[in-house]
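Written below as structure tokens is the structure these notes are about.
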Amino acid sequence: MSIDRVGALPRPHAVVFDWDSTLVDNWGAIARALDLTFVAMGHVPWTEDEVRARAKKSLRDTFPELFGDRTDEATRLFYDGFGAVHLETLRALEGSLDVLERLRMLAVPTAVVSNKAGGYLRREAEHLGWDRYFHRIVGATDAPRDKPAPDPVHMALEGTGVAAGPAVWFVGDSAVDLACAHAAGCTAVLLHPEDPHPEDLSAHPPAIHLPGCLALLRQLDD
Numbered sequence: 014m015s016i017d018r019v020g021a022l023p024r025p026h027a028v029v030f031d032w033d034s035t036l037v038d039n040w041g042a043i044a045r046a047l048d049l050t051f052v053a054m055g056h057v058p059w060t061e062d063e064v065r066a067r068a069k070k071s072l073r074d075t076f077p078e079l080f081g082d083r084t085d086e087a088t089r090l091f092y093d094g095f096g097a098v099h100l101e102t103l104r105a106l107e108g109s110l111d112v113l114e115r116l117r118m119l120a121v122p123t124a125v126v127s128n129k130a131g132g133y134l135r136r137e138a139e140h141l142g143w144d145r146y147f148h149r150i151v152g153a154t155d156a157p158r159d160k161p162a163p164d165p166v167h168m169a170l171e172g173t174g175v176a177a178g179p180a181v182w183f184v185g186d187s188a189v190d191l192a193c194a195h196a197a198g199c200t201a202v203l204l205h206p207e208d209p210h211p212e213d214l215s216a217h218p219p220a221i222h223l224p225g226c227l228a229l230l231r232q233l234d235d
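Below, the structure written as structure tokens:
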């Protein structure tokens with residue numbers, strides 16, 4: 014497939030997706046597990062809005078800052094709470110399955126790179142019946158470093174015959190995703206309903222900002 018243009022973007026040879034708030038919504042389970050963890054650890058819980066805004070990096074990168082030498086205990090508490098409910102609260106975002114189907118029809122390989130722990134991430138994809146769409150599903154701790162480092166992107170693309178670069182779209186909803194896209198040299202595609210975005214994106218601006226998966230689908234059809 015040659016690199017011509019799709020709208021304002023280079024035509025993708027591969028697409029790497031973030032997971033939460035990009036293809037699915039499972040913040041309810043994350044918020045409940047963090048609430049249980051924070052209360053047990055004597056911290057003031059975050060609201061769900063705060064969780065959505067602040068829980069972007071992986072636990073191995075954020076929990077040591079929050080819990081210090083009690084990080085292992087906090088991690089166990091979180092995963093006990095999250096694992097109990099994450100499949101029942103999981104829902105696909107509007108248009109996300111349509112995007113995956115269109116990319117499959119176009120023979121464009123896809124992958125997932127998320128800061129959710131890999132085992133839970135892959136169980137969620139399997140629960141939705143979506144694991145068949147992805148060449149690889151890479152979660153937190155699967156690669157030597159998590160997003161925003163480029164390591165998981167390179168791992169996700171191994172075996173596709175496509176190297177990280179402008180012909181790879183990295184599609185995500187947050188500044189962490191954009192930083193990862195830039196670090197890997199990919200084309201950064203921001204999916205988020207708010208414009209302007211609530212985070213400062215000036216350090217790693219997107220190539221394009223779309224409100225959601227339906228707009229991404231239209232971009233693919235241009």
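Residue numbers are given in this note's numbering: position 89 of the sequence shown equals residue 102, and the series is strictly consecutive. Heads up, the beta-carbon is just placed ideally off N, CA and C, and yes, glycines get one too.
Find out if the Cβ-Cβ distance for the pair residue i, residue j is shorter than 9 angstroms.
i, j, result
"Ala177", "Val166", "yes"
"Thr102", "Ala42", "yes"
"Trp6", "Leu113", "Because residue 6 is not part of the residues shown, which for the chain are 14 to 235, the question remains open."
"Leu49", "Phe91", "yes"
"Arg104", "Tyr146", "no"
"Ala192", "Ala216", "yes"
"His148", "Gly185", "no"
"Asp162", "Ala194", "Looking at the sequence provided, one finds Ala at residue 162 rather than Asp. No."
Out of the options, which has the shortest C-alpha to C-alpha gap to residue i?
i, options, result
"Glu207", "Ala138, Gly225, Ala196 and Ser215", "Gly225"
"Leu203", "Arg104, Ala120, Asp213 and His222", "His222"
"Val181", "Ala188, Ala169, Ser187 and Val189", "Ala169"
"Phe51", "Glu137, His140, Ser71 and Arg89", "Arg89"
Would you say residue i reaches chain C, if we count a Cβ-Cβ gap shorter than 9 angstroms as a contact?
i, result
"Asp159", "The structure shown contains no chain C; it holds only a single protein chain."
Just reading off the beta strand (DSSP E) that residue i is part of, what are its end residues?
i, result
"Ala124", "Thr123 to Ala130"
"Leu223", "Ile221 to Leu223"
"Ala228", "Segment Cys226 to Asp234 is the alpha helix (DSSP H) holding Ala228; no beta strand (DSSP E) there."
"Gly152", "Phe147 to Ala153"
From what residue to what residue does the alpha helix (DSSP H) around residue i run?
i, result
"Trp40", "Trp40 to Ala53"
"Gly185", "From DSSP, Gly185 is part of no alpha helix (DSSP H) but of the beta strand (DSSP E) over Val181 to Gly185."
"Leu110", "Ser109 to Met118"
"Ala192", "Ala188 to Ala197"
"Val64", "Glu61 to Arg67"
Between residue i and residue j, which are expected to be in contact by the criterion C-beta below 8 angstroms, what is the C-beta distance as a whole number of angstroms?
i, j, result
"Ala66", "Pro211", "7 angstroms"
"Arg115", "Leu227", "No, Arg115 and Leu227 are not in contact; Cβ-Cβ is about 11 angstroms, not under 8 angstroms."
"Val37", "Ser109", "7 angstroms"
"Val121", "Pro25", "6 angstroms"
"Arg158", "Gly94", "That belief does not hold up - the Cβ atoms of Arg158 and Gly94 are roughly 26 angstroms apart, past 8 angstroms."
Beta carbon of residue i: closer than 8 angstroms to some heavy atom of the ligand GTP?
i, result
"Val166", "Of ligands this structure carries none, so the ligand GTP is not represented either."
#### Entry: Contact the stretch 117-128 vs the stretch 25-38: 3+ CB pairs below 8 angstroms
Taking 8 angstroms as the limit for Cβ pairs, the verdict is that the stretch 25-38 does touch the stretch 117-128.
### Task
Kindly confirm or deny that the stretch 150-164 and the stretch 130-141 touch, where touching means at least three C-beta pairs closer than 8 angstroms.
In short, these stretches touch, since the Cβ pair count reaches three.
#### Entry: the stretch 79-87 in contact with the stretch 57-64 per 3-pair CB rule at 8 angstroms
Touching, no.
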